[in-house]
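Protein chains: 2
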Amino acid sequence: MNEFALIQQLTRSAPANSTVVLGPGDDCAVLDLGLPDRWVLFKTDAVVEGVHFLRATPPPAVGHKALGRCLSDMAAMGGAPSSAVITVALPPDLPESWALGLYEGIRRLAERFGLAIVGGETSSSPGGIFVSVAMLGTVAPGRCARRTGSQPGDSLWVTGELGGSIEGHHLDFEPRVGEALWLTEHFMPRAMIDLSDGLAGDLRHLVGAEGRGAELLAEAIPVSRAARRRARDTAGAPAPLAAALADGEDFELLFAQPPRRAVALIDAWKKRFPTTRLSCIGRITAEPGLRLRRRGKIEPLVLHGYEHFA
Amino acid sequence: MNEFALIQQLTRSAPANSTVVLGPGDDCAVLDLGLPDRWVLFKTDAVVEGVHFLRATPPPAVGHKALGRCLSDMAAMGGAPSSAVITVALPPDLPESWALGLYEGIRRLAERFGLAIVGGETSSSPGGIFVSVAMLGTVAPGRCARRTGSQPGDSLWVTGELGGSIEGHHLDFEPRVGEALWLTEHFMPRAMIDLSDGLAGDLRHLVGAEGRGAELLAEAIPVSRAARRRARDTAGAPAPLAAALADGEDFELLFAQPPRRAVALIDAWKKRFPTTRLSCIGRITAEPGLRLRRRGKIEPLVLHGYEHFA
Numbered sequence: 001m002n003e004f005a006l007i008q009q010l011t012r013s014a015p016a017n018s019t020v021v022l023g024p025g026d027d028c029a030v031l032d033l034g035l036p037d038r039w040v041l042f043k044t045d046a047v048v049e050g051v052h053f054l055r056a057t058p059p060p061a062v063g064h065k066a067l068g069r070c071l072s073d074m075a076a077m078g079g080a081p082s083s084a085v086i087t088v089a090l091p092p093d094l095p096e097s098w099a100l101g102l103y104e105g106i107r108r109l110a111e112r113f114g115l116a117i118v119g120g121e122t123s124s125s126p127g128g129i130f131v132s133v134a135m136l137g138t139v140a141p142g143r144c145a146r147r148t149g150s151q152p153g154d155s156l157w158v159t160g161e162l163g164g165s166i167e168g169h170h171l172d173f174e175p176r177v178g179e180a181l182w183l184t185e186h187f188m189p190r191a192m193i194d195l196s197d198g199l200a201g202d203l204r205h206l207v208g209a210e211g212r213g214a215e216l217l218a219e220a221i222p223v224s225r226a227a228r229r230r231a232r233d234t235a236g237a238p239a240p241l242a243a244a245l246a247d248g249e250d251f252e253l254l255f256a257q258p259p260r261r262a263v264a265l266i267d268a269w270k271k272r273f274p275t276t277r278l279s280c281i282g283r284i285t286a287e288p289g290l291r292l293r294r295r296g297k298i299e300p301l302v303l304h305g306y307e308h309f310a
Numbered sequence: 311m312n313e314f315a316l317i318q319q320l321t322r323s324a325p326a327n328s329t330v331v332l333g334p335g336d337d338c339a340v341l342d343l344g345l346p347d348r349w350v351l352f353k354t355d356a357v358v359e360g361v362h363f364l365r366a367t368p369p370p371a372v373g374h375k376a377l378g379r380c381l382s383d384m385a386a387m388g389g390a391p392s393s394a395v396i397t398v399a400l401p402p403d404l405p406e407s408w409a410l411g412l413y414e415g416i417r418r419l420a421e422r423f424g425l426a427i428v429g430g431e432t433s434s435s436p437g438g439i440f441v442s443v444a445m446l447g448t449v450a451p452g453r454c455a456r457r458t459g460s461q462p463g464d465s466l467w468v469t470g471e472l473g474g475s476i477e478g479h480h481l482d483f484e485p486r487v488g489e490a491l492w493l494t495e496h497f498m499p500r501a502m503i504d505l506s507d508g509l510a511g512d513l514r515h516l517v518g519a520e521g522r523g524a525e526l527l528a529e530a531i532p533v534s535r536a537a538r539r540r541a542r543d544t545a546g547a548p549a550p551l552a553a554a555l556a557d558g559e560d561f562e563l564l565f566a567q568p569p570r571r572a573v574a575l576i577d578a579w580k581k582r583f584p585t586t587r588l589s590c591i592g593r594i595t596a597e598p599g600l601r602l603r604r605r606g607k608i609e610p611l612v613l614h615g616y617e618h619f620a
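Taken in sequence, the protein lines are chains A and B.
Residue numbering for the first sequence follows my numbering, starting at 1 and increasing by one per position.
Residue numbering for the second sequence follows my numbering, starting at 311 and increasing by one per position.
As C-alpha cells, this is what we get:
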C-alpha cells in the first residue's frame, strides 16, 4: 500500500467538530476558530533519517528542510505562517552540536518568514533521527486556495524549475510563501498545490479528486539545470524531462488559472518576481487522466510520482 | 546533557512574533491570534518505539498514549482541546493492521474529548516506529493556568494516584481535561503542571523557575496500588513511596492553591468527581529546594525524576 492510500484509509473516519472547515486531504487543514475574517491553517510534516536526509547531511540543512516543507504547504493554501512547534527524536550517540545545528537551520528560516517557534520536545531514539514540525498559519476565507476547484480549460502554471532536487535543492529550496500570498491577492488561483511528490503525482492530486484530467506541453515544462546535469553525469539517472515530471521535493507551486488571465499574470509576475520563473505548462481537461503533448503528438503520461512509502 | 537542559538550550533563542503570549517552557505555547476572549494553546509531543512503548504494545494503546500525552498538557493549562494532526514514521515490515490499530486508538480517545483529527502524514522509517502529535486548544485568558505563579504558603494538590505507571497506567491513563476545566472555573489554581516526569521532577519545574521550594508530607502522597504491587513482586523495583515520587508518566495534575480554599475544594471535588482522588500533599515554601516530612522529621528530597533523555 502506498503512502497516499494508507493516509486515506487512516483518516477516512477521522473525528471532526464544528471548527473544521477542511479536514485531512489537502495541503493543510482549515479551521474556523471564530476569528473575524481569518481561517486558521494547521499542518504537520516530518523528515526521517535515511528517507529525507542522511546522517552526513549538515544539520542546519535538515532543519531548513523540516521547517520548509510545512512552509511550502502553507504557501500552497495561500496562508501566512504564524508559529510552529518541533519534535525531535535523537539517537543517544548523536553529539549535542547536531541538535544545535538543526535548530540553527530552523531558526534562520523561521526568522525570514516572521514565524515564531513556540515549543519543542526532545526524546531519545533507539533508531535514527526523526524531526517533526507542526505549523499554524492564517488565511482570509476568500484567499484560501485548495486542491479542488479547477475547471476544464484552465491553464496550468508552475513556479521555478523542476527535477533533480536530490542534487541539493531538496535541502535549500525557498518555500514560495511570498509568491503564494501575492498570487492569492492579485490572481487568485482556482486550485493550487505544492510539488512534493513530483509534477505528475501532484498534478494527479490536483485534478484526480474531481475526475478531471490534464494535458501538459513537454516543451513548456521548466526543466532544472540540476536535472540536465544529473541526466548527463549520473549513470541510471532519468532523462531531464522525466526527472522534471517525476522527481519529488521540488517544493514549487502548481496552480490553475482561467486562461484569459495568462498575459496579465505573466506581465505582473515578471515585475514582482523578476528572478523566479513562472511557466504555463498545459491545461485542465474534462477527460480524466494525464497526457503529454510532445513534438505534435499526444500520449498518455505513465510516469509515477516519487512515493516516500515505497 | 539531559532532556530539559537540551530543550532549554535549543529554544533559548527561539524566534517570536506578536502572536506569542507564552513561548517554549510551559506545558503548551499560548497564542493570541485575535480571538475575542480566547487564547489558542499549541502543543506537540511524540512517542518513540523502545522509549515510550514496545513493538509488542497493542497499537490502539500506542495511539491512546500518543494523543493522551498532548491532551494531558492541554489539561495542565486549563485548555479545551480542539483539533490535532498526526505524523507517523513506520518501518516497511510493519503490517498495515498496525497503523490501522494506532489510528483506532487515536480516534476513540479523540471522540471522547470532541477533538477533531484534521491531518496526518505518513513516512517510512528505516529505524523504529515514531508517532508525533500536535494539538490546538483554546482557553479564556483568565483561566489559563501556568507553571509559574505559586506563592509561599500555597497548598499543593495532586489528582489520582502516583507511581508504578509502567505496570499499565502509562498506556491507558485518562487525561484530566474535564477535571482541569472544572478546577479553572471553580478553583483557579495559582500554578499547575501535569505529571509526566515524576512528582519530584515536575514539582521542581513548578517551583524552580521562581526560586521557590516545596515541602511534601510523605503520608499524604497517594501511592498507587501498582507501585505497591511492583515493590512487592518485582526484584529491584523502588519502594512504593519512592515510586510515587520518582516514576514518570502518571499524567495526573499537580497544582497550587491558596490554603484557605482547602475545605471548599475538597468538598466540591468529592461531589463532582466522586471516584477520583484529590490529595493535599504539601505546601510551597519561600526556601528553595524540595523537602520531605516523614515520621516527624524533615529531610531533603534527593530523588530525581524520570528523564527520557538519559
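Backbone N, C-alpha and C fix where the C-beta goes; we use that ideal spot for every residue, glycine too.
Less than 8 Å between the beta carbons of residue i and residue j, yes or no?
i, j, result
"Thr397 (chain B)", "Asp45 (chain A)", "yes"
"Ala313 (chain A)", "Leu292 (chain A)", "A query on residue 313 (chain A) cannot be resolved here, the shown segment of chain A reaching from 1 to 310 and no further."
"Gly198 (chain A)", "Asp233 (chain A)", "no"
"Ile594 (chain B)", "Gly463 (chain B)", "yes"
"Gly50 (chain A)", "Gly142 (chain A)", "no"
"Phe352 (chain B)", "Ala366 (chain B)", "no"
"Arg587 (chain B)", "Gly470 (chain B)", "yes"
"Ala501 (chain B)", "Arg456 (chain B)", "yes"
"His374 (chain B)", "Gly415 (chain B)", "yes"
"Ala394 (chain B)", "Val487 (chain B)", "no"
"Leu551 (chain B)", "Val533 (chain B)", "yes"
"Ser72 (chain A)", "Pro189 (chain A)", "no"
"Leu181 (chain A)", "Ala80 (chain A)", "yes"
"Gly25 (chain A)", "Pro59 (chain A)", "no"
"His170 (chain A)", "Ala268 (chain A)", "no"
"Cys70 (chain A)", "Val20 (chain A)", "no"
"Ala420 (chain B)", "Ser392 (chain B)", "no"
"Phe565 (chain B)", "Gly378 (chain B)", "no"
"Thr138 (chain A)", "Val40 (chain A)", "yes"
Could you tell me whether the Cβ of residue i comes closer than 8 Å to any Cβ of chain B?
i, result
"Thr11 (chain A)", "yes"
"Val313 (chain A)", "The question about residue 313 (chain A) has no answer here: the residues shown for chain A are numbered 1 through 310."
"Glu249 (chain A)", "no"
"Pro95 (chain A)", "no"
"Gly68 (chain A)", "no"
"Ala89 (chain A)", "yes"
"Gly305 (chain A)", "With a pLDDT of only 46 at Gly305 (chain A), under the threshold of 50, the placement of this residue in the model should not be trusted; the figure read from the coordinates follows. Chain B contact via Cβ: absent."
Please report whether the beta-carbon of residue i lies at a distance below 8 Å from any beta-carbon of chain A.
i, result
"Asp504 (chain B)", "no"
"Pro548 (chain B)", "no"
"Ala519 (chain B)", "no"
"Arg570 (chain B)", "no"
"Phe483 (chain B)", "no"
"Ala420 (chain B)", "yes"
"Thr458 (chain B)", "no"
Mind pulling the chain A residues with CB within less than 8 Å of residue i?
i, result
"Ala409 (chain B)", "Leu6 and Leu10"
"Pro370 (chain B)", "Result: empty, since nearest Cβ-Cβ is about 13 Å, beyond 8 Å."
"Val330 (chain B)", "Ser83, Ala116 and Val118"
Taking C-beta pairs closer than 9 Å, name the residues in chain A that residue i reaches, listed in chain order.
i, result
"Leu341 (chain B)", "Ser82, Ser83, Ala116, Val118 and Leu136"
Name the chain B residues whose beta carbon is nearer than 7 Å to that of residue i?
i, result
"Leu35 (chain A)", "Leu343, Gly344 and Leu345"
So which residues on chain B does residue i lean against when the C-beta distance must stay under 8 Å?
i, result
"Arg107 (chain A)", "Ser323, Ala324 and Pro325"
"Val177 (chain A)", "Ordered by position in chain B, no residue passes the 8 Å Cβ test against Val177 (chain A), which lies about 14 Å from the chain."
Under 9 Å Cβ-Cβ, which residues of chain B neighbour residue i?
i, result
"Pro24 (chain A)", "Val395, Ile427, Val428, Gly429 and Gly430"
Quick one: list the residues of chain A neighbouring residue i, beta-carbon separation under 7 Å, in chain order.
i, result
"Val352 (chain B)", "Going by the sequence as given, residue 352 (chain B) is Phe instead of Val. Residues of chain A passing the Cβ test: Ser83, Val85, Val118, Gly119 and Leu136."
(request) Pick out the complete alpha helix (DSSP H) segments inside the segment 20-105 of chain A, 4 residues or longer, and give them in chain order. (result) 59-76
(message) I'd like the ranges of any alpha helix (DSSP H) spanning at least 4 consecutive residues and lying wholly in the segment 517-573 of chain B.
(response) 535-543 and 550-556
(request) Scan the segment 113-139 of chain A for residues whose Cβ lies nearer than 8 Å to a Cβ of chain B and list them as they occur along the chain. (result) Correct list: Gly114, Leu115, Ala116, Ile117, Val118, Gly119, Gly120, Glu121, Thr122, Ser123, Ser124, Ser125, Pro126, Gly127, Gly128, Phe130, Ser132, Ala134, Leu136 and Thr138.
(request) Closer than 9 Å, Cβ to Cβ, to anything on chain A: give me those residues from the segment 356-367 of chain B, in chain order. (result) Ala356, Val357, Val358, Glu359, Gly360, Val361 and His362
(message) Threshold first: 3 residues or longer. Then list the beta strand (DSSP E) segments lying entirely within the segment 480-516 of chain B, N to C.
(response) Here the runs fully enclosed are 501-504.
(request) Report the residues of the segment 260-290 of chain A with a CB closer than 9 Å to any CB of chain B, ordered along the chain. (result) Going along the segment 260-290 of chain A in chain order, one finds no residue with a Cβ nearer than 9 Å to chain B.
(request) Mind listing, in chain order, the continuous alpha helix (DSSP H) runs of no fewer than 4 residues lying wholly within the segment 454-483 of chain B? (result) 479-482
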